[in-house]
Amino acid sequence: ATHVVEVKPARALAPGLIRSVAMAHIHRDDAEERGGFNFDNVRRNEMLRGSGLAFKNAMKTGTTISGVCFAGGVVLGADTRSTNGETVADKNCEKIHYIAPNIYCCGAGTAADTEAVTGMIASNLELHRMATKRDSRVITALTQLKTHLFKYQGHVGAALVLGGCDVDGPHLFTVYPHGSSDALPFATMGSGSLAAMAVFESDFKENMTEEEAKDLVARSIRAGIFNDLGSGSNVDLCVIKKGEVSYLRNHETPNERTYVRSKGYDFPPGSTPLNRRNFMTATSATLPLNETVIISEGAPEDAMVM
Amino acid sequence: SFQDDTALSTTMAAYGVPPALGVAPEMMEEISTGTTIMACQYDGGVVLGADSRTSTGTYVANRASDKITMVTDNVWMCRSGSAADTQNVCAYVKNLTEEHNMQRRGDLDPGMADVKLVANLTMQLAYKNKDKLSAGMIIGGWDATLGAQVYGIPLGGSMQRVPFTVGGSGSAYIYGWCDNTWRENMTREEAEGWVARAISLAIARDASSGGVVRLVTIHSKGSSRQMLEPKHQSLCESELPVIPRKVGGVVG
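Chain order of the listed sequences is A and B. Last residue of the first sequence: 476 (our numbering), numbering continuous. Last residue of the second sequence: 281 (our numbering), numbering continuous.
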């Protein structure tokens with residue numbers, strides 16, 4: 171498209187920072203190619219807000235996510251509650267995202283942002299593996315995530331715990347929405363991060379076994395689930411070792427429904443009172459409603475009469 | 030939208046309304062390094078020092094961060110201010126330095142770079158993007174042209190070569206002490222001890238600084254890193270004057 175767009179320099183942050191960004195009319199394609207921002211949707215949203223459209227809150231993950239390095243790999247953990255304001259939108263969502271066969275990433279913050287950004291980097295890495303014929307490295311994923319998030323100056327609300335095992339050994343990183351990262355032996359993020367961090371600060375030790383590490387991460391997520399309102403439901407774990415990954419979906423389910431009606435939920439016809447009946451006749455363009463099917467074979471009593 | 034929620038929660042917090050659901054520290058405020066950083070020249074090299082605390086608001090996001098980043102083997106950079114800004118600026122500077130050297134340096138001392146080159150590139154980025162960046166940096170290194178050099182690049186993007194400089198929120202507390210106790214042409218051990226003592230003093234008084242003291246020494250033969258845990262730091266906190274407390278009595 172050759173739609174001419176004026177890019178406001180105050181918010182544009184092109185990769186070539188030493189080139190000054192002048193006030194200019196730039197083609198939309200050029201803006202994307204230079205790595206500049208495209209704020210057309212912001213203008214559209216403002217216009218819609220002005221005409222009275224109520225916006226839904228972005229679905230947030232609330233969340234407790236954590237990760238730990240042990241002797242020979244990393245263990246990532248996450249809760250499974252997804253919130254939309256104060257309602258639980260998804261009681262059993264997946265917060266541990268695939269990046270590469272040997273790299274997984276837990277995501278906190280805005281659910282759409284974490285899904286989109288991890289999906290994008292996973293896609294890039296797959297192409298990169300095909301081009302280089304090598305396994306992906308965790309620092310590659312890290313750098314791509316950082317540069318993307320920094321470019322958007324914190325507006326992409328993705329706070330991630332990235333972990334994996336590559337040719338240089340096990341790695342664990344945290345990535346913040348503004349584009350900074352930390353390399354740590356244990357890490358937590360999300361609204362339940364303080365509760366999870368308390369567990370780690372008490373019980374973390376270097377060179378744990380895999381079982382100890384899994385137990386520690388599960389305990390940290392449980393601390394978040396029970397002490398933070400934004401986190402809840404189940405514990406997901408992902409153990410990444412050299413050449414072997416176990417994605418333990420719903421590894422622990424400490425919040426199963428206690429009371430289930432033994433008779434089940436079977437409502438007979440007539441349970442709901444009928445207030446009003448409203449029939450609409452079909453037009454001649456549609457099929458007539460009462461069509462009788464004439465059976466050519468079989469017993470008449472077996473026929474379904476429409 | 031994400032932005033609206035943050036604005037609402039900040040307003041609610043300001044009025045003393047506790048958030049209904051938990052607040053994630055990383056979503057409330059941008060990660061800042063808080064920090065105390067410094068660098069000083071000694072006879073034959075430079076010593077760079079930093080604390081290790083990274084905070085988001087009042088939560089310590091990383092208590093063992095490394096704020097002294099390598100640009101080349103012989104040039105290192107201390108970072109203070111916004112963690113995202115400084116990490117990404119440092120990445121750009123590394124890239125630009127490598128590109129420049131690839132085109133201009135030839136075979137002279139591969140893997141090394143002129144300290145002034147790195148400092149100038151950093152200054153250009155900091156100055157040209159001064160309205161978008163929140164980054165205070167100190168470049169320190171050794172090269173064959175000018176020997177040991179320290180350049181301070183504070184907020185705003187000015188650059189000045191100095192014999193020593195301090196930066197970050199904790200620097201305010203140690204300007205006087207540093208000015209009073211600094212000597213020209215210290216030995217390596219004296220310089221390392223001096224920097225470690227200064228950072229410990231800043232940690233004792235600045236809430237945004239803490240953790241371990243990291244030191245990097247750069248000289249003509251290479252560079253080396255050290256880490257001083259609190260038990261190995263000069264015991265500044267215990268030297269702070271306190272009124273002794275009666276054992277078993279009421280705290281008053």
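Even glycine gets a Cβ: it sits at the ideal position worked out from N, Cα and C.
Query, Result
"Beta carbon of T280 (chain A) nearer than 8 Å to that of A328 (chain A)", "yes"
"Proximity test, Cβ basis, 8 Å: H348 (chain A) and chain B", "yes"
"Within chain B, partners of F320 (chain A) - CB distance below 7 Å", "A113, N117"
"Own chain residues within Cβ distance below 6 Å of A301 (chain A), not counting five before or after", "none"
"Test: P259 (chain B) CB closer than 8 Å to a CB of chain A", "no"
"Contact with chain B by T250 (chain A), beta-carbon distance below 8 Å", "no"
"Helix, strand or coil at M193 (chain A) [DSSP, three-state]", "For M193 (chain A), the predicted structure reports a pLDDT of 37, less than 50, and the residue's modelled location is therefore unreliable. A value from the coordinates is still provided. In this structure, M193 (chain A) counts as coil in the three-state DSSP scheme."
"Stretch pair the segment 293-312 of chain A + the segment 331-343 of chain A: three plus CB contacts closer than 8 Å", "yes"
"Neighbourhood of V405 (chain A) by C-beta, 6 Å cutoff - its chain only, sequence neighbours within 5 removed", "A388, I391, H421, E422"
"Chain-order list of residues whose beta-carbon lies under 6 Å from that of H197 (chain A) (same chain, five-residue window excluded)", "Residue placement at H197 (chain A) cannot be trusted, given a pLDDT of 45 that sits under 50; the coordinates are not used to answer."
"Helix, strand or coil at C263 (chain A) according to DSSP, with G and I counted as helix", "coil"
"Candidates A:E216, A:V326, A:P271, A:T234: closest to G413 (chain A) by CA position", "A:P271"
"Euclidean distance between Cα positions of W211 (chain B) and V195 (chain B)", "12 Å"
"Collapsed DSSP secondary structure at R198 (chain A) in the structure displayed", "Confidence in R198 (chain A) is poor, its pLDDT being 49 and thus under 50, which makes the residue's placement too unreliable to answer from."
"Same chain, Cβ closer than 7 Å to D143 (chain B), neighbours up to 5 away in sequence not counted", "D172, T174"
"Reference N460 (chain A), options A:T451, A:S466, A:D385, closest by Cα", "A:T451"
"Contacts of G237 (chain A) in chain B (Cβ-Cβ under 9 Å)", "Per Cβ cutoff of 9 Å: no residues; G237 (chain A) is ~14 Å from chain B at best."
"Helix, strand or coil at A270 (chain A) [DSSP, three-state]", "strand"
"Chain B residues whose Cβ lies nearer than 8 Å to that of L364 (chain A)", "P54, Y88"
"For R254 (chain B), three-class secondary structure by DSSP", "strand"
"Inter-residue Cα distance where the pair is M188 (chain B) and T101 (chain B)", "19 Å"
"Backbone secondary structure at Y435 (chain A) - three-state DSSP", "coil"
"Neighbour flag for A259 (chain A) against chain B, beta carbons, 8 Å", "no"
"S94 (chain B) versus S351 (chain A) - alpha carbon distance", "10 Å"
"C-alpha distance - Y204 (chain B) paired with A227 (chain B), whole-angstrom precision", "9 Å"
"Contact the segment 115-133 of chain B vs the segment 146-153 of chain B: 3+ CB pairs below 8 Å", "yes"
"CB contact check: V463 (chain A) to chain B, cutoff 8 Å", "no"
"Interface residues of chain B facing D338 (chain A) [CB-CB closer than 8 Å]", "Residues of chain B passing the Cβ test: none, with the nearest at roughly 17 Å."
"Any chain A beta carbon closer than 8 Å to S94 (chain B)", "yes"
"Three-state secondary structure (DSSP) of L244 (chain B)", "strand"
"C-alpha distance - L364 (chain A) paired with T358 (chain A), whole-angstrom precision", "8 Å"
"G239 (chain B) versus A113 (chain B): straight-line alpha-carbon distance, rounded", "20 Å"
"Contact belief for Y274 (chain A) with I410 (chain A) at Cβ below 8 Å, rounded distance in angstroms", "6 Å"
"C-beta neighbour in chain B for D352 (chain A), strict 8 Å", "yes"
"Contact under 8 Å by Cβ, M166 (chain B) with R108 (chain B)", "yes"
"Interface partners of G360 (chain A) on chain B, CB under 7 Å", "A53"
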